[in-house]
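Read through the structure below, which is laid out as structure tokens, and then see the notes.
There are 2 protein chains.
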Amino acid sequence: MPVYKAPVKDTLFVLNDVLSLQNYGNLPGFADLGPETLEAIVGEAAKLAEEQFFPLNLPGDSQGCKRNDDATVAVPDGFKQAYDAYCQGGWLGLAVPEEFGGQGLPYTLHAAVGEYMSSANISLTMYPGLTQGAIAAILVHGSDAQKAKYLPKMVEGIWSGTMNLTEPHCGTDLGLLRTKAVPAGDGSYKISGQKIFISAGEHPMTENIIHLVLARIEGAPAGTKGISLFIVPKFIVNEDGTPGARNGVACGAIEHKMGIHGNSTCVMNYDDATGYLIGAENKGLAAMFVMMNEARLGVGLQGLSIGEAAYQNAASYARDRLQGRALTGPKAPEKAADPIIVHPDVRRALMTMRAYTEAGRAFTLWTALKSDIAHRSPDAVERQMADDLLSLATPILKGVLTDKGFDHAVAAQQVFGGHGYIEEHGMSQYVRDARITMIYEGANGIQALDLVGRKLAANGGRAVMAMFKEIGDFCEENRGDEKLTFFTKGLKKGLNDLQAATMWFMQNAMAKPDNAGAGSTDYMHLFGTVVLGYMWAKMAKAAEDALAAGDPRKDFLEAKLVTARFYMERIMPETALRKTRIEAGADSLMALSADAF
Amino acid sequence: MPVYKAPVKDTLFVLNDVLSLQNYGNLPGFADLGPETLEAIVGEAAKLAEEQFFPLNLPGDSQGCKRNDDATVAVPDGFKQAYDAYCQGGWLGLAVPEEFGGQGLPYTLHAAVGEYMSSANISLTMYPGLTQGAIAAILVHGSDAQKAKYLPKMVEGIWSGTMNLTEPHCGTDLGLLRTKAVPAGDGSYKISGQKIFISAGEHPMTENIIHLVLARIEGAPAGTKGISLFIVPKFIVNEDGTPGARNGVACGAIEHKMGIHGNSTCVMNYDDATGYLIGAENKGLAAMFVMMNEARLGVGLQGLSIGEAAYQNAASYARDRLQGRALTGPKAPEKAADPIIVHPDVRRALMTMRAYTEAGRAFTLWTALKSDIAHRSPDAVERQMADDLLSLATPILKGVLTDKGFDHAVAAQQVFGGHGYIEEHGMSQYVRDARITMIYEGANGIQALDLVGRKLAANGGRAVMAMFKEIGDFCEENRGDEKLTFFTKGLKKGLNDLQAATMWFMQNAMAKPDNAGAGSTDYMHLFGTVVLGYMWAKMAKAAEDALAAGDPRKDFLEAKLVTARFYMERIMPETALRKTRIEAGADSLMALSADAF
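Quick mapping for you: the protein sequence lines, in order, are chains A and B.
Using my numbering, you'd call the opening residue of the first sequence number 424 and step up by one each time.
Using my numbering, you'd call the opening residue of the second sequence number 424 and step up by one each time.
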């Protein structure tokens, strides 16, 4: 049976020792978050994840969701109770402003505990996750009346939310979408069309479902400039705030997916459904991107979450499974064989997962903190800088953490040998569940293009320059510290490759955009490798500082240093390969005619 | 719906232009294999794969296998008919000696057409595939009476075969196995125990199933030195060769696997089943390794096969799916959007699959030809040399082609975006099916250890020296050919890294074996990258030669040169990274205590 323990100690190390959350007491919501409070909150979330979400993960996968003939949808046993516990614990609105029923705590904290929920049960966590995305869009683009009408119920979790973008013929290219909106004369619209891949599209866990739907108002321009965003409630809300008449939206089918079987991914049919415009006409894409950007961070976090869960299972199995003997002679001579964790190749796999996951956690919380600063700082310059880095980091975080999360699930499954291929051990589920994170909310190739095509050049490269400066400064400031030399040297080498690749794009991709596209995925991973290396350098410094101060977490801190070393020895050297590939350009990619494939 | 066309032109290019099969007319079975005959045979296999195997692939996955209450097993609809067509076409015994009913044709040809069958339907192809492994073991280790009794029916496909190694507590470490054999007094044995993960363990497609079973004779030594191999027929064979009494072996359950659902992977229970010793007492592991080595090549081929099938689907989808516009402006302005094959990042994925798959095909057939020479050459020195290279190549082929086949299935699925995650498109199946190839017949970490721990040092490094010499000589011989300079230069650079890494092992792993284990997986891939690069250099030379001779396959040959260039630009540079990792050694891997994971 699978195992999972929330890595509370690691989370607190990042929040307290690496990011020094206590220094941000000036930001709204951060004031009372001393180490004890943090530990209490994070510990409560760990309990919920371990005790209520996790036991439903494997059964939820095998039971799945089912559409009944009346278009209602059944979800796995126990999901409703666990969802209710999550809502009642206040977790759904943890970072939502208090005026709408939230707790107003940092988004950083929301991300920290969100990791545990997704590790424990990604399919279940997606139900409130979609609601959180919808809340974010309504918060930014909704009218005051819309906020008052929908937000409190959504924050409480009595109503849930969805996002409806994809249609059968269009996903990435939303300009092609056909769902139409016809003015009804009373300020509302009649929405008709079909949406696919709609997570949590229909389920019995909430009394209402608030669908956010992209559609084209009759007569609007073609392409992305004619798309508007609508609120389409499953039950039209009465004047008194109660759910009223059933709206013309229904689940047409449940998709037959490779994984996340516990989440009801639906084909949604809209048939003259009543919808309410949110934000301005024809500005729907911008409004949807508010959800999308938050969702991208959330999906990156899912990659991290599954990688962590898979790692824990692989480590546990490797400690227990007796098979063969160590290359250096028996380590457990009293047993029939040694545990397979004695084998360097098994440890290579485990250390790789661990090195990425721990750095991925730091990077996620570092990015989440930028989001908090960008939204809450009283200082406009600080907000701007944080927003720059948040925008730059988002595609890297989504693309790299999900690619790696999937790799780790596969590697963890491999540690189990044949048993990993059998569903009962749960490793197949991690692989199948992780696979979607590379695809949804913008496939990772799109993240790479977003990075190279938009984020690099934005504001004359202001964000990327700031990032390079922050990493360069870190190396410079710690130059004299011998204990850190190994780490800063490795980081500096990676940064040099990243800067050279960036320069190569400037010189070669302006005139020939295919050179940017040809190197985009390698660039995203090159950037990710350097940023995660930066996180390791910061963690190494925090560990060294704490050890020097006589911190009682000696073994824990020394393990950080070992893992940091592993990262610099085995992972950071990838930057040179990525740079070489980028500099190869587009020629050999574009030489063949489409027919030759 | 998925698509598949057997790559006949590519196969013939490797057989005729690269390997020059016509030069081996002196070997038994090779005499009449001119280009026309080859084309006819390969074309027939293509037809069978495309028309009979492939249409059953997706339905077979969703239908799966089912154990009935009476312990019989149902396989997917249509499997029996397609299996019969395969047997009636003589494909099962293609490379088996004529005296046992085979056609005595080259194993190389068997591998060439085997690729198509596994591309079209891996689960179905495994049924005869297991029989072929069992035939190989009986051919080498069986008595004349056993050969006469079992082989003709197995070659005809009327009886099938299985291999029974794994038990719940042991897979890699067979020394731990507990299945016991008690002499029955009449020369036979009573076999009792449980085996798991038994492919094609029970099914209704043949009138008998010949299980090859590893067991420990009562009183035999513990560990691997006390293991014997037994023939355990499902129905005990009467004197007249007909199936007689039902033996004490039955399917206890069908495993719930991630993929290859069309193959009946069984828990097999042996309860005083009658078994016949094959080969010598306590020498069962050696006998099983005859099957195992052939099976490893077969599994490597499966990796290639799924990679090819997934590639074809991704290429087809990329040509058809309209979404967005090319970075360089619309390429299909008359359509609502461009096909996604205009995007360099999509082509990067496709070219990567293609570069590995085409080189993997050449490497597989190159290795299969070594097997033919090792078994059929009249010249003892030639046999020895070929056997050396076959032994060396086997773990590389198995490990690298299956790791890459899985990667390609994942990358191909990614090209489909969200649609790739939906079972109906078939891409999820390729990923799920490919996943097992990295695990069974020795997990890839075990292949890497076999390479580094056994194959490198065997006979004083004779095989690896021969391999380095062959590649080095190729570079040297073609040094003056300007058209090949780009390829030989890239290859030479890779070879240098491989030689340096090999030297590092010699200097650092003797005294400290963990250094070998820590670098084993990187070394396997480093070796694979160089060998596949060698295949590309050979293919480039064959293409240049043919073009210079005015060969009419102009576009086809020029595409080979483009893909060779892509390989050298983007894939070969990995060798430096692998070498760096190997030279990092074991220290940071072994530093943590097992509890720290």
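Where a beta carbon is used, it is the ideal one built from N, C-alpha and C, also for glycine.
What residue range is occupied by the uninterrupted alpha helix (DSSP H) comprising residue i?
i	result
B:K432	431-435
A:Q511	502-511
B:C898	881-900
A:G940	937-971
A:A923	908-931
A:P591	Element bounds for A:P591: n/a, residue is neither H nor E.
B:Y734	707-743
A:A568	567-579
B:Y427	B:Y427 -> no alpha helix (DSSP H), and no H or E assigned at all.
A:N867	867-872
B:V519	Premise fails: B:V519 is in no alpha helix (DSSP H) and is neither H nor E.
A:E459	458-471
B:D978	977-989
B:W789	767-799
B:K1002	997-1006
B:G610	Element bounds for B:G610: n/a, residue is neither H nor E.
B:G552	545-564
Along the chain, where does the beta strand (DSSP E) that runs through residue i open and close?
i	result
A:S651	650-656
B:N692	689-701
A:G584	582-587
Since residue i sits in a beta bridge, which residues does DSSP pair it with?
i	result
A:I640	A:A604
B:R669	B:F658
B:G616	B:Y693
A:P529	None; A:P529 has no bridge partner.
A:K821	DSSP output for A:K821 lists no bridge partner at all.
B:A676	B:V690
A:L635	A:M586, A:I654
B:A497	B:K489
A:I845	B:K680
A:I621	A:C689
B:P762	B:L745
I think residue i touches residue j, with their Cβ atoms under 8 Å apart; what is that distance to the nearest whole Å?
i	j	result
A:M586	A:L515	The pair is not a contact, with the Cβ atoms about 16 Å apart (cut-off 8 Å).
B:V953	B:I869	B:V953 to B:I869, Cβ: 21 Å. No contact.
B:P499	B:Q486	4 Å
B:L914	B:F950	With a Cβ gap of about 13 Å, B:L914 and B:F950 do not count as contacting.
A:I764	B:A1017	5 Å
A:L745	A:D768	Incorrect: roughly 17 Å between the Cβ atoms, too far for contact.
B:W959	B:F910	7 Å
B:P591	B:I619	6 Å
A:Q836	A:S851	7 Å
A:D826	A:N867	6 Å
A:T531	A:D795	5 Å
B:L1012	B:A941	5 Å
Contact set between the stretch 766-796 of chain B and chain A, restricted to residues whose Cβ is under 9 Å from the partner: H766, P767, D768, V769, R770, R771, A772, L773, M774, R777
Interfacial residues, the stretch 892-920 of chain B to chain A, with Cβ spacing under 7 Å: none
Against chain B: residues of the stretch 935-957 of chain A by CB proximity under 9 Å: K935, P936, D937, N938, A939, G940, A941, G942, S943, T944, D945
Residues within the stretch 700-725 of chain A neighbouring chain B, beta-carbon criterion of under 9 Å: none
Interfacial residues, the stretch 658-681 of chain A to chain B, with Cβ spacing under 7 Å: E678, H679, K680, M681
Members of the stretch 595-608 of chain A near chain B, C-beta cut-off 9 Å: T595, D596, G598, L599
Interfacial residues, the stretch 817-848 of chain A to chain B, with Cβ spacing under 9 Å: F829, V833, Q836, Q837, V838, F839, G840, G841, H842, G843, Y844, I845, E846, E847
Residues from the stretch 640-652 of chain A in contact with chain B, defined by Cβ distance under 7 Å: none
Residues of the stretch 549-582 of chain B whose Cβ lies closer than 7 Å to any Cβ of chain A, in chain order: none
Positions along the stretch 845-875 of chain A whose CB lies within less than 8 Å of some CB in chain B: I845, E846, E847, S851, V854, R855, R858, I859, M861, I862, Y863, A866, N867, G868, A871, L872
Within 9 Å of chain B by C-beta, residues of the stretch 522-537 of chain A in sequence order: none
Contact set between the stretch 476-500 of chain B and chain A, restricted to residues whose Cβ is under 7 Å from the partner: none
Residues in the stretch 970-983 of chain B having any Cβ partner in chain A nearer than 8 Å: D978, A982
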